[in-house]
Amino acid sequence: GEVIAESQYNLATSTDGVEAGRTRLQVNFTDEGLTTIAGKATASEAPVVTVDLTFPLKADLALDSVSNKFGFIPGHSDSE
10 GEVIAESQYN LATSTDGVEA GRTRLQVNFT DEGLTTIAGK ATASEAPVVT
60 VDLTFPLKAD LALDSVSNKF GFIPGHSDSE
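Note that my numbering has the sequence shown beginning at 10, numbered continuously upward.
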């Protein structure tokens, strides 16, 4: 699939409302990024957005304990 340019999204981190010791990572698409995504939509199929993240883990982390504790939050309106 098409890779969206870094200029078309922003990454933000927050600890507000998140369990102690954890950080929420949020991907926000710019208007240009949303236009790119919308351009992939057809009358019969919505576009699929996949986000690949690469980040370092602590050296002493047990690899069997890595998990997504929060999940996906859809946009705030029908147009997002």
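All C-beta atoms, glycine included, are put in the ideal place defined by N, C-alpha and C.
Just so you know, these numbers come straight off a predicted model, no measurement behind them.
Through-space distance from residue j to residue i, alpha-carbon basis
{"i": "Gln35", "j": "Asp61", "result": "13 Å"}
{"i": "Gly10", "j": "Val58", "result": "9 Å"}
{"i": "Leu70", "j": "Ser76", "result": "12 Å"}
{"i": "Ile46", "j": "Ala21", "result": "20 Å"}
{"i": "Glu41", "j": "Glu28", "result": "33 Å"}
{"i": "Lys67", "j": "Leu43", "result": "34 Å"}
{"i": "Ser53", "j": "Asp73", "result": "39 Å"}
{"i": "Gln17", "j": "Gly26", "result": "27 Å"}
Beta-carbon proximity of residue i to residue j, cut-off 8 Å
{"i": "Thr32", "j": "Asn19", "result": "no"}
Sequence-distant residues of its chain with Cβ nearer than 8 Å to residue i (five each side left out)
{"i": "Thr24", "result": "Arg31, Thr32 and Arg33"}
{"i": "Ala50", "result": "Pro56"}
Cβ neighbours of residue i in the same chain (closer than 7 Å, five flanking residues each side left out)
{"i": "Val12", "result": "none"}
In chain order, each beta strand (DSSP E) run of at least 3 residues that lies wholly inside the stretch 23-52: 33-38
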